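These notes are about the structure you will find just below.
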Amino acid sequence: MDHDLISLMQILSTNSFPTLKDIETTTNATRRQAMYRIEKLNKLLKAENIPAVTVSSAPPREILISEETLAAIKRLLEESSASHAYYFSKKDRLIYMYLLLFINLDYVSLNHFIGSLKCSRSTVLSDLKELKQVLEKDGIELCNNRTRGYYLMGSEIEIRRFMIWEVICTLSDKQNGKIFDAFINDFGLNIFDYSRQVITELAAQWKIRLVEARLLEFIYIFIFLKARMQSGVKADLSLPPMIETDVIPTLKEYAFTKDLLNRYEDTDQITESDIKYITSWILGISYGNINEDTKDNALISGIARNIMQRFEAISGVHLGDSDKMFVQLYAHLRPAYYRLIFHLPIFNPICATVKNEYWELFQLMVETMKPIAVLFNRKIPEDEIAYLTMHFAAAFAEKKNSEETSRKKALVICSNGVGSSTILYNELTRLFPELDFLPPLDSSHAGDSRLGADIIFTTNYTPLAEEPSVPVVRVNPVMSINERRKITHQVYQWLGISSQGQPDVDIVMDIIAKYTDIREKDSLYGELTAHFYETQFPDAPEDIKLHLTDMIWPEIISLDLEAATPEEAIRKTYEPMVRQHCVLPSYVEECIRTSTRYMVITKHVALPHAKPEAGAITCGLGIGVLKTPLTFGIPENDPVKYIFALSAVNNSSHLCAMAELIHLFNDQNFYQLLDNAHSSQEVMEYIRDHL
């Protein structure tokens, strides 16, 4: 059974409402390839007299699977997992080759690769050439000489990072570690099951709460890392000068790592810096608990507060329950901090979706994190930024009170922590007001409240220890409109509750097809789905997105302003906005009264704003260009010459405009235009032309 067939069965067994398009997108296959794989699966099923998998002819081409067929597919997957036979794809061969180089044997010849992979000499040489090119992009050199054979050269941090990234991506893509199990078996490394047992026991002993989705990754990474460390590689883990690692030995995760290494033989030669490196991985996959009295608590808390305050300053948003937000942010930030110290990668399966669905927040978060990135001497990876974006997106969702009636209960389970589960929770409560949602759980606590739920919603990549007796709906944490439609349709069917007159797109499509010739069925289906969804859930005022050109107009742009103090400069920038009835005078005074160092958000730029209730009447963004720059008391960003006076009536309508403003802040030509413009109309024309 090859990888393509296994991938297809995994999609069919974990996706509640699979479509042909899902298979094409997830496996990067063409329509013809997807249909061929379904036919191949049906041949297997036919041999066992199991009903075939069928594809509906009407959009969105749903995959139809009977309960008997679904059970058979799950059984075939289990049998495949238990089988020792494994088909190596080209990608698998490259990973296997890298691992062979990574464990740093005394001598690695061409025959090592040929014998282990059971491939021809020409295939191995071709693969080695490709691997060499891939590694060069990460600054790693694949070398070969008579003394050592094939070996790796380069930064030890990057050599380890490449291995870690391949493990993470492979497990995410294939949802099993068969390639790694095969390698471990071939080279007599530590058995996976033993390592899992030891790590789980010690985690319980030291009260370390591990993120479920990361645990599997860590076990394989630990096995390969330990083999390399035991080989005698001298690790030069050079870190930025501002990074302090002296606190690591005081943490319980360090004691956990020491105990873990003591469970294995020949670990005495593993260095102190390597122990810190492994510890950082443990820290990087566990939750941060603000209530734990750790030596790094003040440091991480300070960074979390800085992020929240800078985000508020840049976005013009005032976070309501900031204490709750702080606790959730700390829980994510502590592991992220240690990942960033040692340049440890993390794979966010919905990074692209978050960037698309929450584009404004993502751009604001990128700008928010720039001063934090200086600490690590490198850019913050987009996968990390996307997780932070999810936390802030969750904070924006407004929960509506519902009547205490006898309603069916629903539970949300997610393996990637607070941010994604909260986003999913808020979306589902909006989709299904008829359901009473229990507080969301991460998968490590899924068993605690399972019996109280009539239906469970969980992410596609969240494993459940056992199949519950109630329906399980697998969804993406951030759903498309089509996914929302499919979910509502299926849930209403399962639970036997009214759909409140929700239109059935399939019926509408059938009616249209009777009287017309539909040229673009998929496009029409998508537009109808979006229209009916938006009709059922119309935008509230806070959901309306304003662009920068909606919030800036010539009458609130002031050039060559003269002011003697920061307070006077702020007042003069807001004066046109008061005349234009954007804000009350009380709003301006509140901006001055509550101003902090975070108001100066970047070099020479201040962005004053206050809470909407202080006197914001409508959304607007006044621009003031000072004739003489002023000192605002922020050495790294003084003097201030440009003031952007914000008025926002809620926490969300203006976010798109603020993301566009960030784009202008990174455009040096924009500042030159402000310096040399003779009229406010010139400024408006530049903004329109450059967004």
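The sequence shown: position 114 = 114 (our numbering), numbered continuously. Beta carbons: idealized from backbone N, C-alpha and C, even for Gly. All figures in this text were calculated on a predicted structure; none of them were measured in a lab.
- About 16 Å separates the CB atoms of A235 and D268; that is not less than 8 Å, and the two are not in contact.
- Taking a 10 Å sphere around the C-beta of D138, we find fewer than 16 other C-beta atoms and assign the residue as exposed.
- With a cut-off of 8 Å on Cβ pairs, the segment 619-636 is in contact with the segment 548-565, counting three or more such pairs.
- Around the beta-carbon of Q10, 16 or more other beta-carbon atoms lie within 10 Å, marking it buried.
- DSSP places A606 in the strand class (E or B) of the three-state scheme.
- About 6 Å separates the CB atoms of D22 and N15; that is less than 8 Å, so the two are in contact.
- In the three-state reduction of the DSSP assignment, K46 falls in the helix class, which pools H, G and I.
- Sequence-distant Cβ neighbours of F183 in its own chain, meaning closer than 7 Å and more than five residues away, are Y96 and L99.
- Segment contact: the segment 123-142 against the segment 153-168, three or more CB-CB distances shorter than 8 Å; contact assigned.
- Under the criterion of beta carbons closer than 8 Å, V124 and L110 qualify as touching, at roughly 6 Å.
- Following the DSSP letters along the chain, one finds I199 in no beta strand (DSSP E) but inside the alpha helix (DSSP H) bounded by residues F192 to Q205.
- Bounds of the alpha helix (DSSP H) holding Y277 are E272 to G284.
- Of the candidates G316, S286, Y686 and I617, S286 places its Cα closest to the Cα of R334.
- For V366, the enclosing alpha helix (DSSP H) starts and ends at W359 to T368.
- In chain order, S13 place their CB closer than 7 Å to the CB of K74, counting only its own chain and leaving out the 5 sequence neighbours on each side.
- Closest by C-alpha distance to L44, out of L5, A677, P349 and E62, is L5.
- Annotation for A313: the continuous alpha helix (DSSP H) segment containing it runs N297 to S315.
- Within the same chain, Cβ atoms closer than 7 Å to the Cβ of C169 are found at F347, the five residues on either side in sequence being excluded.
- The beta carbon of F437 sits closer than 8 Å to those of K409, A410, L411, V412, Y425, L428 and T429, all from its chain and outside the five residues before and after it, given in chain order.
- Non-local beta-carbon contacts of M365 in its own chain, meaning distances under 6 Å to residues more than five positions away in sequence, involve I385, L388 and T389 in chain order.
- Taking each of I634, G620 and L261 in turn and checking the Cα distance to E555, the smallest one comes out for G620.
- The continuous beta strand (DSSP E) containing I413 extends over residues K409 to C414.
- For M325, the enclosing alpha helix (DSSP H) begins and ends at S322 to I341.
- With respect to the 8 Å criterion, A614 and V640 are not classified as neighbours on the basis of their beta carbons.
- Going by DSSP, M153 is part of the beta strand (DSSP E) stretching over G149 to M153.
- Contact annotation: L559 and H654 have beta-carbon atoms that are not nearer than 8 Å.
- For the 8 Å CB-CB criterion, F224 and I314 do not form a contact.
- DSSP, read as helix, strand or coil, puts C143 in strand.
- The segment 335-344 makes no contact with the segment 565-575: fewer than 3 CB pairs, one atom from each, lie closer than 8 Å.
- Of all alpha-carbon atoms in P60, T25, S647 and K355, the one lying nearest the alpha-carbon of E527 is that of P60.
- Around the Cβ of I507, a 10 Å sphere holds fewer than 16 other Cβ atoms; the residue is exposed.
- The residue from C591, D92, I570 and P635 with its alpha-carbon nearest to that of S116 is D92.
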